[in-house]
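A.B. asks:
Number of protein chains: 2
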Amino acid sequence: MANIQEVARRAGVSSATVSRVLNNTTAVSAKTKFKVEKAIEELEYEPSMLGRNLRNSESRLLLVLIHTFSNPYYSEIINGIEDYSIANDYNILLCETDSNPQREIIFLNMVKNKLADGIISMNPTVDLEKLKALNENHSIIMCSDYYEDVSIPYVAIDNELAAYKAVKHLIKLGNEKIAFINFDDNMAYARKRREGYERALNEFNLPIRDEWMCKTDGLDFQDGVQAMRKLLQLEERPTAVFAVSDTIAIGALKELNVKGIKIPEEIAVVGFDNIGFSNMTNPTLSTVSQPKYEMGYKAANMLIESIKGSKADSVIMDHELIIRESTLK
Amino acid sequence: MANIQEVARRAGVSSATVSRVLNNTTAVSAKTKFKVEKAIEELEYEPSMLGRNLRNSESRLLLVLIHTFSNPYYSEIINGIEDYSIANDYNILLCETDSNPQREIIFLNMVKNKLADGIISMNPTVDLEKLKALNENHSIIMCSDYYEDVSIPYVAIDNELAAYKAVKHLIKLGNEKIAFINFDDNMAYARKRREGYERALNEFNLPIRDEWMCKTDGLDFQDGVQAMRKLLQLEERPTAVFAVSDTIAIGALKELNVKGIKIPEEIAVVGFDNIGFSNMTNPTLSTVSQPKYEMGYKAANMLIESIKGSKADSVIMDHELIIRESTLK
DNA sequence: ATTAAAATTGTAATCGATTTCATGATTTTT
DNA sequence: AAAAATCATGAAATCGATTACAATTTTAAT
Chain E
1 MANIQEVARR AGVSSATVSR VLNNTTAVSA KTKFKVEKAI EELEYEPSML GRNLRNSESR
61 LLLVLIHTFS NPYYSEIING IEDYSIANDY NILLCETDSN PQREIIFLNM VKNKLADGII
121 SMNPTVDLEK LKALNENHSI IMCSDYYEDV SIPYVAIDNE LAAYKAVKHL IKLGNEKIAF
181 INFDDNMAYA RKRREGYERA LNEFNLPIRD EWMCKTDGLD FQDGVQAMRK LLQLEERPTA
241 VFAVSDTIAI GALKELNVKG IKIPEEIAVV GFDNIGFSNM TNPTLSTVSQ PKYEMGYKAA
301 NMLIESIKGS KADSVIMDHE LIIRESTLK
Chain F
1001 MANIQEVARR AGVSSATVSR VLNNTTAVSA KTKFKVEKAI EELEYEPSML GRNLRNSESR
1061 LLLVLIHTFS NPYYSEIING IEDYSIANDY NILLCETDSN PQREIIFLNM VKNKLADGII
1121 SMNPTVDLEK LKALNENHSI IMCSDYYEDV SIPYVAIDNE LAAYKAVKHL IKLGNEKIAF
1181 INFDDNMAYA RKRREGYERA LNEFNLPIRD EWMCKTDGLD FQDGVQAMRK LLQLEERPTA
1241 VFAVSDTIAI GALKELNVKG IKIPEEIAVV GFDNIGFSNM TNPTLSTVSQ PKYEMGYKAA
1301 NMLIESIKGS KADSVIMDHE LIIRESTLK
C-alpha cells in the first residue's frame, strides 16, 4: 500500500536514499539505513514492481509457450525451466496457446509490450512469420521443437537418430512389418522421426507401406486408440508399431488390450518421450527418453544469457532408448 | 521500440490524443484518428504495458498456484481458468510451488508488488498465515482445495459425500474389507474424503481398521504402488481399495497387475478425479469425476469479480461417480 | 453575424520506482 | 589549520502511459 515516498517521509530521508537501501547500490550510513529499514518495517512497505520495471525497462518475466498442459511430456521440461529461472531471479509465465493463433499473438505481444523479457517456445504450431519478426529484436529460444532453417536457437535431441534406433530395435526383435503412427508432419521433430523410421527400414530392405503410416489428429490418448483401431482393420497387420509420442503409444496399448492382442508377442510397441505414465501401463512401454529436465534448464539458461546480450547457440542433447515389457520377448 | 511520444510527434498531435485513439475513450475526429493510426502503423508502435499498468495500477495478470504440474488433474481446471480469463482480458501466470515455502512467498509477493491482480490457489501446502494476511487487501480464490474456517472464498465439490458414495458403491458390490489410501490428512479435501469413507463404513457396521488406512508421501503413481504393496503384505487383505486420487489408484492398479491379482474379482479399486489416463489403464478405473473445467472457469469468474470489488461467495459443484471395469463384476 | 453549446485537442500532473548530478558533511592529508 | 579527497544525501529528471482540466475549434442557435 505504502509507496517509496511515504517510507522516505517517515524515515526523514529522500526517496533516493530509500531506493539505495532497497537495492544496496551506493553506500548509505548505518544510521540512515537503520531508520529506513525501520520505516519499511512499520509501513509494511513492498516495492512496486511496476514502477521498478518501468524505470529499468525489464520485467524479469519469461514466457513459456506450450500447445497444451494436458500432455505430461512438458511438465518435466517446465520444472527445468523454472528451477533455472527462479535461481536467476526470473519468473515464468506459462502460456497455453491451444494452437489458437489469436492467443499466440497475445503472448508474443507481451514481449513487445515489455510485459515479458523473452520467450521459450515449445509450441509446434506457432505462427512462424510472427515469431521470426519478434526474433529480430527480442530473445527467443525453441525447446524440443525447432525450425531448421530459421535462426532461432534451440535445445533438442537428434530425433532422426533416436527414431532410427527405436525402429532398429524393433527390427532386431524380428519384426518386418512395422507401422508408424505420426501426428503432424509439418513439425520438424515429427519429420525427423519419420526420416529415422524410414532409414532403419531401408537399411534392412524392409517395405515402407503407406497403410502402415498412420496420421492422427492430435497427441491425446484417444488419438492413439483410433490409430491402432485403423491398423488392426488392415488386411496385412503390422507386427510392431512405433508411435511418435507416448500418449499415442499408450492409447495404442489400450486398444490392443481391449482387443485381447498379446503385447509384444503379436504386436510390439515403442513410444517416444518417456512420460511418467509409460511405466504404469500394462505392459510397460518401451520408449525414447529425452533429458527433459535438463533441456528445460538449458533452454532457460540460453534465454537469460540471450536477454543479457550474448548470442545463444543451439544445443543437441543426448537421448536414450528405454526397453520395457512392450518390446521384451 | 517507439513510444507514445514519438507517435504523437509523427502524427502532429499530443500524446494524450494518441492515448485516446488507443483506448477509444473520448471522441477523436476522424481525420486525427486516421493520422494517428497511420503513425502507429509506420512506427510499428506497441504500447508499453509497463507504463499503462503503472498508471492504471493494475497488471491484468492472475496468478494460479499449483503444487506441481505433473499431476494431470490440474490441467483441465487450468483450461477453464484460462478460457474465462482470456475472454475477460486477463492473462494467467501459472506458478508451481513444489511445496517450497520460499517459492510460495515469491508468488504471494507478486500480488503485493502489483505484478499480479489476484490469486487462484490450488495449492494445498500454502502457508496459511501468509495467505490470510494477503487476503485482507487482495483478491484470492481457492479452487478444489479450501480451508473451512478461513474467509477465503472457494470452488469445490462435496468431498465427503463423493467419498461416501464411492465407498457405498464398493459395499454394495459385497465388499466388507475396504482400505483407504490417503495422502495428507491436513488438507480439507483429504479429511472430508476420509470422513465420507468412515460414514459409509459405519452405516453398514463395517470395521474401520487402522492397517487399512494407508498414508502416502505424495500423490505420484509410485506412491500408489508402494501403498498397495504394503496392503498386500497384511495378514488380512482388504477386498477393495478406495484411493484419494487417481494417480495413487493407478499406481495401485499397476502393483495389482504386477502381482497377478485379479481386478475387481480379488480386489476392487476406486479412484478420485477422473483424470484422462484413468480410462487408459487395464482395467479402466472407476473414479469420482469433478467438473474440472467448470470449476476453473467459475474460480476465474469469482476472482475477476472480486478484483472489481464485489464479494465472492463459495460455490459447491456437482460430482459424479463413474463406474468402470475396476469395480465391474 | 454573434453568441452559446458542443466537440476536439493540448498541457501538465500522475503512477512508483531508479539514477545522474550537485551539494554539503566528514575525513584525510599536508 | 587549511586544502583536498571522500562520503552521504537530496533535488530533479526519467521510464511510458492515462486523465483532469483548460484551451481551442467547430457547430448550432438566435
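Residue numbers (the working numbering), protein chains in the order written: chain E, 1 to 329; chain F, 1001 to 1329. We put the CB at the ideal spot given by N, CA and C, even for glycine.
By alpha-carbon positions, which one of E/LEU232, E/MET302, E/VAL28 and E/ALA240 ends up nearest to E/ILE263?
C.D. replies: Numbered from its first residue, the first sequence carries residue 263 of chain E at position 263. The shortest C-alpha separation from E/ILE263 is found at E/ALA240.
A.B. asks: Using the C-alpha atoms, what's the distance from E/THR125 back to E/ALA188?
C.D. replies: On the first sequence, position 188 is the one that residue 188 of chain E refers to. On the first sequence, position 125 is the one that residue 125 of chain E refers to. Looking at the two C-alpha atoms, the distance is approximately 11 Å.
A.B. asks: Could you tell me the alpha carbon to alpha carbon distance between E/GLU325 and E/PRO283, rounded to whole angstroms?
C.D. replies: Counting from one through the first sequence, the residue named residue 325 of chain E turns up at place 325. Counting from one through the first sequence, the residue named residue 283 of chain E turns up at place 283. The alpha-carbon atoms of E/GLU325 and E/PRO283 are separated by roughly 5 Å.
A.B. asks: Quick check on the DSSP output: what are the complete alpha helix (DSSP H) runs of length 4 or more inside the segment 120-149 of chain E, in order along the chain?
C.D. replies: 128-137
A.B. asks: By Cβ distance below 6 Å, which residues in the same chain neighbour E/ALA300 in space, the five residues on each side in sequence not counted?
C.D. replies: Locating residue 300 of chain E in the first sequence gives position 300, where the first residue counts as 1. Closer than 6 Å at the Cβ level, and outside the excluded window around E/ALA300, lie ILE81, TYR84 and SER85.
A.B. asks: Could you tell me whether the segment 1151-1169 of chain F touches the segment 1180-1199 of chain F, using the rule of 3 or more Cβ pairs below 8 Å?
C.D. replies: yes
A.B. asks: Which one of E/ASP145, E/GLU176 and E/ALA30 has the shortest CA to CA distance from E/VAL315?
C.D. replies: Sequence index remark: in the first sequence, residue 315 of chain E carries index 315 (1-based). Ranking the options by Cα distance to E/VAL315, first place goes to E/ASP145.
A.B. asks: Assuming F/LEU1331 contacts F/ILE1171 (C-beta within less than 8 Å), just tell me the rounded distance between them.
C.D. replies: An answer regarding residue 1331 of chain F cannot be provided, because it is not within the stretch 1001 to 1329 covered by chain F.
A.B. asks: Classify E/LEU128: buried if its beta carbon has 16 or more other beta carbons within 10 angstroms, exposed otherwise.
C.D. replies: The residue given as residue 128 of chain E occupies position 128 in the first sequence. Exposed, because fewer than 16 other Cβ atoms sit within 10 Å of the Cβ of E/LEU128.
A.B. asks: Rounded to whole angstroms, what's the CA-CA distance from E/GLN226 to E/GLY251? Just pull it up for me.
C.D. replies: Within the first sequence, numbered from 1, the residue matching residue 226 of chain E stands at position 226. Within the first sequence, numbered from 1, the residue matching residue 251 of chain E stands at position 251. The alpha-carbon atoms of E/GLN226 and E/GLY251 are separated by roughly 8 Å.
A.B. asks: By Cβ distance, which residues of its chain are closer than 8 Å to F/ILE1105, with the 5 residues on each side in sequence left out?
C.D. replies: Here residue 1105 of chain F refers to the residue found at position 105 of the second sequence. Around F/ILE1105: ASP1127 and LYS1130.
A.B. asks: Is F/PRO1072 close to chain E? Criterion is C-beta to C-beta, closer than 8 Å.
C.D. replies: To locate residue 1072 of chain F, count along the second sequence from 1; it is residue 72. Yes, F/PRO1072 counts as interfacial toward chain E.
A.B. asks: Can you name the residues of chain F whose CB is closer than 7 Å to the CB of E/SER48?
C.D. replies: One-based indexing of the first sequence puts residue 48 of chain E at position 48. The contacting residues are ASN1113 and LYS1114.
A.B. asks: Thinking just about the alpha-carbon of each residue, which of E/ILE66, E/GLN5 and E/TYR74 is nearest to the one in E/LEU108?
C.D. replies: Looking up residue 108 of chain E in the first sequence gives position 108. Among E/ILE66, E/GLN5 and E/TYR74, the Cα nearest to that of E/LEU108 is on E/ILE66.
A.B. asks: Please list the terminal residues of the continuous beta strand (DSSP E) segment that includes F/LEU1115.
C.D. replies: On the second sequence, position 115 is the one that residue 1115 of chain F refers to. Going by DSSP, F/LEU1115 is part of no beta strand (DSSP E) at all; its letter is neither H nor E.
A.B. asks: Quick one: what does DSSP say F/ALA986 is sitting in, helix, strand or coil?
C.D. replies: Only positions 1001 to 1329 of chain F appear in this structure, which leaves residue 986 of chain F out of reach.
A.B. asks: Would you mind sorting E/LYS31 into buried or exposed? The rule is 16 or more other CB atoms within 10 Å of its CB.
C.D. replies: Along the first sequence, one-based indexing puts residue 31 of chain E at 31. That one is exposed.
A.B. asks: Counting only Cβ pairs nearer than 9 Å, list the residues of chain E close to F/ILE1250.
C.D. replies: Along the second sequence, one-based indexing puts residue 1250 of chain F at 250. Per Cβ cutoff of 9 Å: PHE277 and MET280.
A.B. asks: On a CA-only basis, which of E/ASN135, E/PRO291 and E/GLY12 is nearest E/GLU121? Give me that one, please.
C.D. replies: In the first sequence, the residue the question calls residue 121 of chain E occupies position 121. Position check: residue 121 of chain E holds Ser in this sequence, whereas Glu was assumed. For the residues E/ASN135, E/PRO291 and E/GLY12, the minimum Cα distance to E/SER121 belongs to E/ASN135.
A.B. asks: Contact criterion: CB-CB distance below 8 Å. Does E/MET1 meet it with respect to chain F?
C.D. replies: In the first sequence, residue 1 of chain E corresponds to position 1, counting from 1. Yes, E/MET1 lies at the interface with chain F (some Cβ there is under 8 Å from its Cβ).
A.B. asks: Are the C-beta of F/LYS1254 and some C-beta of chain E separated by less than 8 Å?
C.D. replies: Taking the second sequence and counting its residues from 1, the one referred to as residue 1254 of chain F is at position 254. Closer than 8 Å to some Cβ of chain E, the Cβ of F/LYS1254 qualifies, so yes.
A.B. asks: Could you name the residues that DSSP lists as bridge partners for F/MET976?
C.D. replies: Since the first residue shown for chain F is 1001 and the last is 1329, residue 976 of chain F is missing from the structure and cannot be characterised.
A.B. asks: Return no unless some Cβ of chain E is closer than 8 Å to the Cβ of F/GLU1096.
C.D. replies: To locate residue 1096 of chain F, count along the second sequence from 1; it is residue 96. Chain E contact via Cβ: present.
A.B. asks: Indicate whether at least one CB of chain F lies closer than 8 Å to the CB of E/ASN257.
C.D. replies: Counting from one through the first sequence, the residue named residue 257 of chain E turns up at place 257. By this cut-off, E/ASN257 is an interface position.
A.B. asks: Quick one: complete alpha helix (DSSP H) runs, 4+ long, within the segment 1248-1288 of chain F?
C.D. replies: none
A.B. asks: Who are the near neighbours of E/ALA200 in its chain, counting only those whose CB is closer than 6 Å to its CB and skipping five residues on each side?
C.D. replies: Residue numbering aside, residue 200 of chain E sits at position 200 when the first sequence is read from its first letter. TYR164, VAL167 and LYS168, listed in sequence order.
A.B. asks: Using the beta-carbon of each residue, which ones in chain E are nearer than 7 Å to F/GLY1051?
C.D. replies: Working through the second sequence from its first residue, we reach residue 1051 of chain F at position 51. Correct list: LEU54.
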